[in-house]
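> In UniProt numbering, the protein residues as written are 1 to 719.
Each residue gets a CB set at the ideal place from its N, CA and C atoms; glycine is no exception.
The structure displayed is predicted, hence computed values, not measured ones.
#1: Determine the burial state of residue 21: buried for a count of at least 16 other Cβ atoms within 10 Å of its Cβ, exposed for fewer.
#2: May I have the straight-line CA-CA distance separating residue 626 from residue 690, to the nearest angstrom?
#3: State the DSSP-derived secondary structure class of residue 32, mapped to helix, strand or coil.
#4: So the candidates are 462, 95, 128; which of them puts its Cα closest to the Cα of residue 113?
#5: Excluding the 5 residues preceding and the 5 following residue 367 in the sequence, name in chain order all residues of the same chain whose CB lies nearer than 7 Å to its CB.
#6: Straight-line CA distance for residue 229 to residue 342?
#7: Just verifying my parser: in three-state terms, what is the DSSP assignment at residue 118?
#8: Tell me residue 699's beta-bridge partners as DSSP assigns them.
#9: Is DSSP giving residue 395 helix, strand or coil here?
#10: Whose C-alpha, out of 363, 550, 551, 546, is nearest the C-alpha of residue 557?
#11: State the start and end residues of the unbroken alpha helix (DSSP H) segment that holds residue 339.
#12: Let's see if you can read the secondary structure: which residues bound the beta strand (DSSP E) around residue 362?
#13: In this structure, does DSSP put residue 289 in helix, strand or coil?
#14: Output the distance between the C-alpha atoms of residue 73 and residue 384, rounded to the nearest integer angstrom.
#15: For residue 477, which residues of its own chain have a beta-carbon under 7 Å away from its beta-carbon, when the five flanking residues on both sides are left out?
#16: Tell me which residue opens and which closes the alpha helix (DSSP H) that residue 668 is part of.
#17: Figure out for me which residue from 340, 256, 386 has the closest Cα to the Cα of residue 329.
#18: Need the endpoints of the alpha helix (DSSP H) that residue 258 sits in, please.
#19: Please go through the same chain and pick out, in chain order, the residues whose beta-carbon is closer than 7 Å to the beta-carbon of residue 531, but skip the five residues on each side of it.
#20: If residue 240 and residue 54 are in contact, beta carbons under 8 Å, what's the gap, nearest whole angstrom?
#21: Using three-state DSSP, classify residue 509 as helix, strand or coil.
#22: Using 8 Å as the threshold, is the region 23-41 in touch with the region 169-189, meaning 3 or more CB pairs across them?
#23: In three-state DSSP terms, what is residue 15?
#24: Could you work out which residue in 572, 544, 222 is closest to residue 559 when comparing CA atoms only?
#25: Does the region 94-108 touch the region 39-50, meaning 3 or more C-beta pairs lie closer than 8 Å?
#26: Figure out for me which residue from 340, 36, 363, 62 has the closest Cα to the Cα of residue 227.
#27: Quick check on residue 490: buried or exposed, where buried means 16 or more other Cβ atoms within 10 Å of its Cβ?
#28: Expressed to the nearest angstrom, what Euclidean distance is found between the alpha-carbon atoms of residue 399 and residue 336?
#29: Going by C-alpha distance, which of 145, 4, 284 is nearest residue 80?
#30: On the DSSP bridge assignment, give the partners of residue 607 in chain order.
#31: So, with DSSP's three-state summary, where would you put residue 642?
#32: According to DSSP, what are the bridge partners of residue 635?
#33: Starting from the C-beta of residue 60, find all residues in its chain whose C-beta is less than 6 Å away, skip the five residues before and the five after it, and write them out in chain order.
#34: Identify whether residue 462 lies in helix, strand or coil by the three-state DSSP scheme.
#35: Does residue 96 have its Cβ less than 8 Å from a Cβ in chain B?
#36: Quick one: which unbroken alpha helix (DSSP H) runs of 4-plus residues sit fully inside the region 473-552? Chain order, please.
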């Protein structure tokens, strides 16, 4: 944690976890290799912080690692240099031992400890120095030691104890006042054996220094030290500087070798964006552990009884996240897109993440779409999103990196897929059976919102395209085009996988399904001749709008024509799915009309990428309710634009009547998407959740270094 002292009366602003509205930023990883090195810059008002780390392998417990935190003024030549406190803390959950070794004036020399996973270890907080120098800087120290209040409460606990005034008085200067922690190492709440009563400990060292300065924190693993790391010297000072520099150089070389942006003629600014896109995604990877809340899948006849959500058994999840500030947890359909980029960089990380996600499978073959595991994750989630429903699916995007593994044919990937196959097959079978539609080989997303009088168009959260317009009156007669395409893709990928692995029984079962989910049935179920486009089908009327009513606010009004069973006129991303997932033959008569609407600026084409809903749609840019602004109703999203680029690239390589046009559209769309993400990054320092289709500006949450990081693969033309 950190805080700038003395700028405002009262308690200084304590910074700790990434929050959307805290006024910090821009911030993000300049480099992160996903494993052993990273460098992050954080702008906080007049301060610029740099945090960097290196891990050094060795021993049986993950090796040694060191962090360096540098705090500098944002602008050079600042006259009054601020006083800043850094807070380094160690927190345990009850079974570990911590032994602090105290020096003079509240300064901890080091903290020794032991835990089952880490063996013996030792933390050392080095004395502050001038940045890039060994010249020491004067630091004031405070210490605080208590029982662990629980991870979500650490920030509040420190805030509430920052209530005593101390003096920071370097020799020969006039003193400055600062707010510090009033604790000591006489820990009052200790149990009889010197440990917290089974709830763990929270030990924190506050160091307060005049800007600019650097502080290093060194973690040494007992087994790594014994195994030869001791002879290498402590990873601090000039040794740490050398390690950081050689890792940064290795990152740049590996980055160019992997993505070849320089070789492809991309500018230094584009290369820097690409490095930040990859690093932000890798730096957001987290390890989560805990219990999620799940509402069991009740069959219709049982559902008259009220069923309470149950706690799922505790599970681990190693996953990337869409956004550190706003969505710091695992999302199923996002993760498939995340891993498309991660696997180009480090296939082992992708195997690890996919393995963890498949480890969440329940006995039926279901995986929850949003993973809220443990207290720390739970406090960040609105109550209505806490419970996962075991009847609701999510797009099976994990099959996208699986398909890429199949194409690559790397023996390690194939060995992984052999182990993963039974779970992939169970997951796909659950999807295909549980989301079956009203007629054979049709599919319907379960879990649409009920038709409330306040909603313009009830949402379909399981589809991932939340408020994208569907049939105006939800019913069991619906057929969803995007879901049909996902199931068709899944069947084809799994057949190939089963054949390659010699899983003959599964191949025999999946083969006929894949064959039947072809162009003929797609046409029969989803081609809307009156619209000249593929579409959803359901009980629908276009005559719905939100109108203001006294004392009721905005309510939905349904006019004429009344709803009837028909194709749903909602031109946008869903209409393009047969193209996006490359399910059409290059000679298909349906390819031309899809390219027409894609390329038409009255519909989906914008100077910043393809918009999610046609500008010609009555739902375009419309709120879904008084409190629910448009989300997938016009904005440009990177994940679908990446699929579109991949599809155009695919059809540009294949003989057919649309080959030249696909190539031209690919080149123009790529320039629009990459150009806009770059401009917004240069203007704001962030990658964004979505982009405005009218002026290109970033919208939604930031940093969004989940699937927006796919801009790197678009630059590399790697689909």
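Inspection of the coordinates gives the following:
#1: Taking the first residue of the chain shown as 1, we reach residue 21 at position 21. Under this definition residue 21 is an exposed residue.
#2: Numbered from 1 along the chain shown, position 626 holds the residue referred to as residue 626. Numbered from 1 along the chain shown, position 690 holds the residue referred to as residue 690. Looking at the two C-alpha atoms, the distance is approximately 21 Å.
#3: Taking the first residue of the chain shown as position 1, residue 32 is located at position 32. Strand, per DSSP.
#4: Counting from one through the chain shown, the residue named residue 113 turns up at place 113. Comparing Cα-Cα distances from residue 113 to each of 462, 95, 128, the minimum goes to 95.
#5: Within the chain shown, numbered from 1, the residue matching residue 367 stands at position 367. Here the set comprises 332, 357, 360, 361, 427.
#6: As a working note, residue 229 is residue 229 in the chain shown. As a working note, residue 342 is residue 342 in the chain shown. The alpha-carbon atoms of residue 229 and residue 342 are separated by roughly 30 Å.
#7: Working through the chain shown from its first residue, we reach residue 118 at position 118. Residue state, collapsed to three classes: coil.
#8: For the purposes of this step, residue 699 is taken as the residue at position 699 of the chain shown. Beta-bridge pairing links residue 699 to 690.
#9: The residue given as residue 395 occupies position 395 in the chain shown. In this structure, residue 395 counts as coil in the three-state DSSP scheme.
#10: Taking the first residue of the chain shown as 1, we reach residue 557 at position 557. If we check each option's Cα against that of residue 557, 546 comes out closest.
#11: Position 339 of the chain shown holds residue 339. Residues 332-345.
#12: Walking along the chain shown from the start, residue 362 turns up at place 362. Looking at the DSSP string, residue 362 is not in any beta strand (DSSP E), and its letter there is neither H nor E.
#13: Translated into the one-based positions of the chain shown, residue 289 becomes position 289. Residue state, collapsed to three classes: strand.
#14: Residue numbering aside, residue 73 sits at position 73 when the chain shown is read from its first letter. Residue numbering aside, residue 384 sits at position 384 when the chain shown is read from its first letter. Cα-Cα distance, rounded: 42 Å.
#15: As a working mapping, residue 477 is identified with position 477 in the chain shown. So the qualifying residues of the chain are 438, 538, 539, 565.
#16: Counted from its first residue, the chain shown places residue 668 at position 668. 659-684 is the span of the alpha helix (DSSP H), which, as asked, contains residue 668.
#17: Numbered from its first residue, the chain shown carries residue 329 at position 329. Considering only alpha carbons, the answer is 386.
#18: Here residue 258 corresponds to residue number 258 of the chain shown, with the count starting at 1. Where residue 258 is concerned, the enclosing alpha helix (DSSP H) stretches over 237-259.
#19: Taking the first residue of the chain shown as position 1, residue 531 is located at position 531. Closer than 7 Å at the Cβ level, and outside the excluded window around residue 531, lie 567, 569.
#20: Along the chain shown, read from residue 1 onward, the residue named residue 240 stands at position 240. Along the chain shown, read from residue 1 onward, the residue named residue 54 stands at position 54. Their Cβ separation, rounded to whole angstroms, is 7 Å, which keeps residue 240 and residue 54 in contact under 8 Å.
#21: Position 509 of the chain shown holds residue 509. DSSP places residue 509 in helix when its eight states are reduced to three.
#22: no
#23: Taking the first residue of the chain shown as 1, we reach residue 15 at position 15. In the structure shown, residue 15 sits in a strand (DSSP, three-state: E or B).
#24: Residue mapping note: residue 559 aligns to position 559 of the chain shown, counting from 1. Of the listed residues, the one whose Cα sits closest to residue 559 is 544.
#25: no
#26: For this step, residue 227 is matched to residue 227 along the chain shown. Checked all of 340, 36, 363, 62; the closest Cα to residue 227 is 62.
#27: Residue mapping note: residue 490 aligns to position 490 of the chain shown, counting from 1. Buried, since its Cβ has 16 or more Cβ neighbours within 10 Å.
#28: Along the chain shown, one-based indexing puts residue 399 at 399. Along the chain shown, one-based indexing puts residue 336 at 336. Their Cα atoms are separated by approximately 7 Å.
#29: Indexing the chain shown from 1 puts residue 80 at position 80. Closest by alpha carbon: 4.
#30: The residue you call residue 607 lines up with position 607 of the chain shown. For residue 607, which the question treats as bridged, DSSP gives the partners 609.
#31: What you label residue 642 is simply residue 642 of the chain shown in a count that begins at 1. Three-state DSSP puts residue 642 in a helix.
#32: Walking along the chain shown from the start, residue 635 turns up at place 635. DSSP output for residue 635 lists no bridge partner at all.
#33: Taking the first residue of the chain shown as 1, we reach residue 60 at position 60. So the list reads 223, once near-sequence residues are dropped.
#34: Residue numbering aside, residue 462 sits at position 462 when the chain shown is read from its first letter. The answer is helix: DSSP assigns residue 462 an H, G or I state.
#35: Any reference to chain B falls outside this structure, which holds one protein chain only.
#36: 481-501, 504-516, 519-526
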